[in-house]
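Beneath this line is the structure, given in C-alpha cells, with notes to follow.
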Amino acid sequence: MSRSPRRLDDAGNTGLFVIAAAGALLAVASVVVTASPGGFVDVRTAVAFAAFIAFGELVRITLPGGRDAAPIATAGALAYTLLTRMPADDPDHGALQVVAVCACAMLVGVGPHVVVGRAPSIDTLARRLLTIGVAAGLFRGTGLDERAMDMREAGLAVVMVAVVVATLCVDAVLTAVVRAGADRAPFRAVLRNEVVAQAGIGSAIGATGALIALAATIMGVWALPVFVVPLLLTQFSFRRYAAIRESSLQTIRALSRVTELGGYTETGHSRRVSQLSVAVGRELGMNDTELRDLEYAALMHDIGQLSLAEPIPGGATVVAAPIDQRRIAALGADVIRQTGVPDDVAAIVDMQAEPYRRAHETQRSEVPLASRIIKAVNAYDDLVGDSPEVSRHLEALERLRLGMAYEYDPTVVECLSSTVERASRLGV
Amino acid sequence: MNPLPLKARFFVAAVVLAAAPLPVIAAIRGWDDLSLVDCVALGLLLVLTDSIVARGSHDLAKIALSSVISSACLPLVGGWGTILLASTTVIAYDPQPFIKRVFNASQMTLAAAAAAGTFALLGGEAIRPDSFPYLLLPFLAALGAHCLVNGTLVAGIVSLYQGVPVKIVFHGTMAGSIPGYVGYGLFGLLLAVLWDEDGAGVGPTAAILLLLPLFVARWAYAQYAEEQRAYDRTVRALMTAVETKDLYTRGHSERVSAASVLIARVIGMREDRVQSLRYAGMLHDVGKLGVPTRVLQKNGGLTEGEFASIQLHPVQGVEIIREIEFLDEAVAGIQHHHERLDGRGYPMGLAGDDIPEFARVIAVADAFDSMTTTRSYRGARTVSEAMTELRRCAGDQFDPRMVEALVTAIDEHGWSPDETPAYAPPADEPFDQEARAFDHDDPTSALFRDRTS
Numbered sequence: 023m024s025r026s027p028r029r030l031d032d033a034g035n036t037g038l039f040v041i042a043a044a045g046a047l048l049a050v051a052s053v054v055v056t057a058s059p060g061g062f063v064d065v066r067t068a069v070a071f072a073a074f075i076a077f078g079e080l081v082r083i084t085l086p087g088g089r090d091a092a093p094i095a096t097a098g099a100l101a102y103t104l105l106t107r108m109p110a111d112d113p114d115h116g117a118l119q120v121v122a123v124c125a126c127a128m129l130v131g132v133g134p135h136v137v138v139g140r141a142p143s144i145d146t147l148a149r150r151l152l153t154i155g156v157a158a159g160l161f162r163g164t165g166l167d168e169r170a171m172d173m174r175e176a177g178l179a180v181v182m183v184a185v186v187v188a189t190l191c192v193d194a195v196l197t198a199v200v201r202a203g204a205d206r207a208p209f210r211a212v213l214r215n216e217v218v219a220q221a222g223i224g225s226a227i228g229a230t231g232a233l234i235a236l237a238a239t240i241m242g243v244w245a246l247p248v249f250v251v252p253l254l255l256t257q258f259s260f261r262r263y264a265a266i267r268e269s270s271l272q273t274i275r276a277l278s279r280v281t282e283l284g285g286y287t288e289t290g291h292s293r294r295v296s297q298l299s300v301a302v303g304r305e306l307g308m309n310d311t312e313l314r315d316l317e318y319a320a321l322m323h324d325i326g327q328l329s330l331a332e333p334i335p336g337g338a339t340v341v342a343a344p345i346d347q348r349r350i351a352a353l354g355a356d357v358i359r360q361t362g363v364p365d366d367v368a369a370i371v372d373m374q375a376e377p378y379r380r381a382h383e384t385q386r387s388e389v390p391l392a393s394r395i396i397k398a399v400n401a402y403d404d405l406v407g408d409s410p411e412v413s414r415h416l417e418a419l420e421r422l423r424l425g426m427a428y429e430y431d432p433t434v435v436e437c438l439s440s441t442v443e444r445a446s447r448l449g450v
Numbered sequence: 006m007n008p009l010p011l012k013a014r015f016f017v018a019a020v021v022l023a024a025a026p027l028p029v030i031a032a033i034r035g036w037d038d039l040s041l042v043d044c045v046a047l048g049l050l051l052v053l054t055d056s057i058v059a060r061g062s063h064d065l066a067k068i069a070l071s072s073v074i075s076s077a078c079l080p081l082v083g084g085w086g087t088i089l090l091a092s093t094t095v096i097a098y099d100p101q102p103f104i105k106r107v108f109n110a111s112q113m114t115l116a117a118a119a120a121a122g123t124f125a126l127l128g129g130e131a132i133r134p135d136s137f138p139y140l141l142l143p144f145l146a147a148l149g150a151h152c153l154v155n156g157t158l159v160a161g162i163v164s165l166y167q168g169v170p171v172k173i174v175f176h177g178t179m180a181g182s183i184p185g186y187v188g189y190g191l192f193g194l195l196l197a198v199l200w201d202e203d204g205a206g207v208g209p210t211a212a213i214l215l216l217l218p219l220f221v222a223r224w225a226y227a228q229y230a231e232e233q234r235a236y237d238r239t240v241r242a243l244m245t246a247v248e249t250k251d252l253y254t255r256g257h258s259e260r261v262s263a264a265s266v267l268i269a270r271v272i273g274m275r276e277d278r279v280q281s282l283r284y285a286g287m288l289h290d291v292g293k294l295g296v297p298t299r300v301l302q303k304n305g306g307l308t309e310g311e312f313a314s315i316q317l318h319p320v321q322g323v324e325i326i327r328e329i330e331f332l333d334e335a336v337a338g339i340q341h342h343h344e345r346l347d348g349r350g351y352p353m354g355l356a357g358d359d360i361p362e363f364a365r366v367i368a369v370a371d372a373f374d375s376m377t378t379t380r381s382y383r384g385a386r387t388v389s390e391a392m393t394e395l396r397r398c399a400g401d402q403f404d405p406r407m408v409e410a411l412v413t414a415i416d417e418h419g420w421s422p423d424e425t426p427a428y429a430p431p432a433d434e435p436f437d438q439e440a441r442a443f444d445h446d447d448p449t450s451a452l453f454r455d456r457t458s
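Chains as they are written, first to last, in the working numbering: chain A, 23 to 450; chain B, 6 to 458.
This is how it looks when you write it as C-alpha cells:
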C-alpha cells in the first residue's frame, strides 16, 4: 500500500507532533542524566548492545503495508531492557540508560540512511524510542528487574513476556494515533489494523528480545553475534516479500495505463480513481487488506475496455449505457480472475457498475463497499477529468448527489466530497 | 516413479549399511551418560517437526525446524545421543516410499556422526556457565561437517538417479542453502543454551519461545513464494488482455519470453538477469497497444505515417513500464528490441555492441516466433526454415552469437512453446535450492528433494 498521500497531511497532524516532541525530549533527558558522573554503568555491555541496535537500524526494512520497521534493532533494545543476569557480572543499568543507549545507537544506525537520502520518518524513530522508554520504565524503573533476579527461569520468562506484550500494545496505540491523524481515518479502525499487524511480526520481535536476554545469562554478549545470523535470514525473507509486493503494485499501476495508451481512457484516469478511492476507503475505516484490494480494483477497473472493438468516446464509462457498463465490468473481472491478484478484486470490479439500489427492490443489495466507492469515484473523475476548475468539481459532485440513494451510496458520496474539498483547500 | 538405476541401488545399500551399526554403537557406548528426559523430549520434537513438514511441503520450515532441533542435540545430549536421535527420524510420519525413508534416516545418521566427531575433536562439550565464546568454534565446525556429509550423500543419490554430474547437483543443492543452514543451526545452539539445566535452564518450553520467530520467517517465506507466483500470473494475464487486440499475436509475448530464456541459458547469463529478461520478453510489445488496430492488421504496404506509428511502439512500451523498479535492465531491452546490428533499426538506430544485450536476445526470439507462427499475410514457417532465415540475417540484423545460441538451445530442447515451463522458481531463493534443482518438470524428480536438513 502506498503511503505517499499521507505525507501531504502531516503538517496538520498534532498526534505526530506530540509523539515526535516527546521522543526527542526523552532522548535528550536520558542522555543528559546518563552522561552525568556515575550515571553510566557496565560500559562493555552497553557498547555491545548499542552496536547490535545500530546494526539493526542500518538494515531496517519496510514491511508490507508500508510500515517502517527495524526488527533487529527493536529486538536488541528489548533485550537490553530485559537483561538481568550475565555470566561475569550482573548488569544493573537503569531505565534512562536503556533509552540513552538506544537513542545514540539509533542515531548512529540512521546516519548512513540520511547520507544517501533515505532518512526514516521522524515519527517512527520517536515512536520506537518512546516504546522502549515504556518497556524500560515498566521493567527497570519499578524495581521489577530486582525482583526478577530472584525468580526461577520460568518465572522470569513470564515477567518478560508480560512486559513485551504491554510494550507492543503501547506501540500499536502510538502508531494508530499518528496514522489516524495523517490518514483522517477513524481511530478505532486504525487501531484494530495496527493490533492485527503487530500480532504477527511484533510478537516475534518481542519473543526474540526476551530470548536474547535469556541467552545472555549464559552466553553474555556473545549471544548477540549468534543471534544476528538467523535474524538476518528471517529479515531477508520479509524484505523479499515486501519487495515483491511492491513490484506487484508498481506493475499493476504501470499496466493499468495500457487502456490510456490504447485510447480507451483519458490520461491519468485510473491512477486518479485509485488514489481518490483509497483516500475515501481509508476515511470509511477499511483495513489494509481491503484497501489493497480496493487499490488494485480501482487501477484495473477499466481493463475490460480492452476487449471492446472500438473505444468509448473519451473513455468515460459514466456516459455509456448501463448495459455496456456492466458488460465492461464483467469483461474486466474476467481478465482480473486470470491474474494473480486476490479474487476479491475481480468481484469488486464485477460489481462496480451496479447501482446502489435497484428499482423495485426493497432489500439493500449486496454490492461491496469497494465497488460502491469505485462507482462514485469513477463517475466523478469521468465528469471532472484532470481539470483544475472548481466549478467543474462542484458540478460533478452535484450530479453525484442527484443520483444518491439510487445510483450512488450516500455515505460514499459525502465522504468523497469532503475528501475532494479538503484536497482542493490544500491545493493538491 | 522410475525404478532406481543399479548404481543408485548400490549407493543406497552402501549408505544404509554404513549407517546401520552407528545407532547400536551409540546406544551401547553412550547409554550411561544420556539424560533420558532430554533425549525423549528432543526425539519427540525431532520426529514431530519432521512429520509436520513432510506432510506440508519442502519449504523453509523443513530446513528450519528440524535442523534447529538436530543441531541443538550436540551440546544437549552429546555425540552419541545425537547419533541415536538422528536415526529415530526413520519413524517420522512421511508419505514417501519406505526405501527412501530408510535412506534419508541413514544419511542423517552418518551426517550426525560426522558432526559429533568434529565436535568432540575440537573440544566441544556440554554447556557450562563459562562455555562462551569457546564453544562457538567446535559448534560451527560440526555444523559444517554435518552440512558437507548430508549434501554429498544427497547430491550423490540425485546424481545417480538423474544422471547429472555430481558436481552440478552439489552446487545447485548446497550453494544456496548454506546460509540458511548455518543460520538455523545457530538457532539450535540458542535452543540448547536456553534448554540446558546448566544453561539458562528454561527447559523444553524454550522450544516454544524459539518457534515464534521461526514461524514468522516461515510465514514470510510462504507469502513470498505465493506472491511471486501471483505476480507472474498478473503479468501474463495483463499481456493476454493487451494481445486480444491482435488475433495473430496471441501468446506471442509468452513465447518470446520462453525463447529469450533459452538463449540466455546457452550464453550463460546470470540467473537473476535471466529472470529479468523473462519479464522483458513478456512485456516487450506492451507499447503495441498504442498502434492503431488497422495498422497492425494491415495486409499491404504501410504508408510513411503508419510505419512511424509502428516504430514508436518500443518507446511507448518503455513509457508504461519505466516505473517498475526491478525491471531496470529489462527497460533497455524493450526499448531497443527493434534495433539492428548494422544500425538501420529503430527507434534510435544503435549499432553493434551499443545495443543492450537484452535487446539483442529479444530481437532474435521475437523474429523467430513471428516466423514460426501464422500471420495475416502468410502461414507459419517450420523451425528449420526460420533458423536458416535467422542465420542469413545474422551479422546485419541479428547478433550471430544469439542466433547460434537459439539454434543450439532448440537442437537440444526442441521447440514446443506450450510445454515450456511458464513459471521458473525465483532465482535468489537460498532455502529452496533442492526444490529448484530437482522439482522441475519431472514429477518423479521430487524423489530425494527435501533431505538436505
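C-beta: ideal position from N, C-alpha, C; glycine also.
Quiz item: If you draw a straight line from the alpha carbon of Arg423 of chain A to that of Leu255 of chain A, how long is it in whole angstroms?
Solution: 54 Å
Quiz item: Taking Cβ to Cβ, would you say Gly78 of chain A is nearer than 7 Å to Ala91 of chain A?
Solution: no
Exercise. With a threshold of 16 other CB atoms inside 10 Å of the CB of Ala313 of chain B, please say whether the residue is buried or exposed.
Key: exposed
Quiz item: Out of B:Ser136, B:Gly286, B:Ser182, which has the shortest C-alpha to C-alpha gap to Gly149 of chain B?
Solution: B:Ser182
Quiz item: What residue range is occupied by the uninterrupted alpha helix (DSSP H) comprising Leu165 of chain B?
Solution: 141 to 167
Quiz item: Can you name the residues of chain A whose CB is closer than 8 Å to the CB of Ala459 of chain B?
Solution: No statement about residue 459 of chain B is possible, as the shown extent of chain B runs from 6 to 458 and does not include it.
Quiz item: Phe2 of chain B and Ala391 of chain B: beta carbons closer than 7 Å?
Solution: A query on residue 2 of chain B cannot be resolved here, the shown segment of chain B reaching from 6 to 458 and no further.
Quiz item: Going along the chain, which residues of its own chain have a beta-carbon closer than 8 Å to the beta-carbon of Val388 of chain B, five neighbours each way excluded?
Solution: Thr377, Ile415, Trp420
Quiz prompt | 7 Å Cβ cutoff met for Leu90 of chain B and Leu27 of chain B | solution = no
Quiz item: From A:Asp310, A:Leu353, A:Asp193, pick the residue whose C-alpha is nearest to that of Ile227 of chain A; which is it?
Solution: A:Asp193
Quiz prompt | 7 Å Cβ cutoff, Phe74 of chain A in contact with chain B | solution = no
Self-check item: chain A within 7 Å of Pro5 of chain B, Cβ atoms only
Solution: This structure cannot speak to residue 5 of chain B, because chain B is shown only from 6 to 458.
Quiz item: Should Ile396 of chain A and Gly354 of chain A be called a contact, given that it needs their Cβ atoms to be closer than 7 Å?
Solution: no
Quiz item: chain B beta carbons: is any one of them nearer than 7 Å to that of Pro93 of chain A?
Solution: no
Practice problem: Count the other CB atoms, across all protein chains shown, that sit within 10 Å of the CB of Met113 of chain B; report buried if there are 16 or more and exposed otherwise. | Solution: buried
Practice problem: Would you check if the segment 258 to 278 of chain A and the segment 200 to 218 of chain B touch, i.e. whether three or more CB-CB distances between them fall below 8 Å? | Solution: no
Practice problem: Decide yes or no for the touch test of the segment 363 to 370 of chain B against the segment 340 to 350 of chain B: beta carbon pairs closer than 8 Å, at least 3 of them. | Solution: yes
Exercise. Taking only beta-carbon positions, decide if Leu236 of chain A is within less than 7 Å of chain B.
Key: yes
Quiz item: Is it right to say Phe258 of chain A is buried, meaning 16 or more other beta carbons lie within 10 angstroms of its own, or is it exposed?
Solution: buried
Exercise. Evaluate Pro252 of chain A with the Cβ neighbour count: other Cβ atoms within 10 Å of its Cβ, from every protein chain shown; 16 or more gives buried, anything less gives exposed.
Key: buried
Self-check item: Where Met426 of chain A falls: helix, strand or coil (DSSP)
Solution: strand
Self-check item: Nearest candidate by alpha-carbon position, reference Arg283 of chain B, set B:Gly295, B:Val291, B:Ser265, B:Gly292
Solution: B:Ser265
Self-check item: Inter-stretch contact at 8 Å, needing at least 3 Cβ pairs: the segment 237 to 249 of chain B / the segment 214 to 226 of chain B
Solution: no
Quiz item: Do three or more CB pairs link the segment 82 to 89 of chain B to the segment 114 to 134 of chain B at distances below 8 Å?
Solution: yes
Exercise. Report the residues of the segment 414 to 443 of chain A with a CB closer than 8 Å to any CB of chain B, ordered along the chain.
Key: none
Exercise. Pull up the CB-CB distance for Ala202 of chain A and Phe209 of chain A, whole angstroms please, since I reckon it's below 8 Å.
Key: 4 Å
Quiz item: In its own chain, which residues sit with a C-beta less than 6 Å from the C-beta of Val123 of chain A, not counting the 5 before and 5 after it?
Solution: Ala68, Ala72
Quiz item: In or out: Gly98 of chain A buried (at least 16 other Cβ within 10 Å) or exposed?
Solution: buried
Quiz item: Which residues share a DSSP beta bridge with Thr84 of chain A?
Solution: A:Asp90
Quiz item: Rounded to a whole number of angstroms, what is the C-alpha to C-alpha distance between Asp404 of chain A and Gly303 of chain A?
Solution: 19 Å
Exercise. Scan the segment 207 to 273 of chain B and note each continuous alpha helix (DSSP H) run of 4 residues or more that stays entirely inside, going in chain order.
Key: 211 to 248, 257 to 271
Self-check item: Beta-carbon contacts of Val21 of chain B that lie in its chain and below 8 Å, excluding the five residues immediately before and after
Solution: Val107, Phe108, Ser111
Exercise. Would you mind stating whether Gly116 of chain A and Arg66 of chain A have Cβ atoms separated by less than 7 Å?
Key: no
Quiz item: My guess is that His323 of chain A and Gln374 of chain A are in contact by the Cβ rule of under 8 Å, so how many angstroms apart are they, rounded?
Solution: 6 Å
Self-check item: Length-filtered (4 minimum) alpha helix (DSSP H) runs lying within the segment 180 to 225 of chain A
Solution: 209 to 219
Exercise. Counting only the same chain and skipping the five closest in sequence on each side, list residues whose C-beta sits under 6 Å from that of Ser439 of chain A.
Key: Leu419
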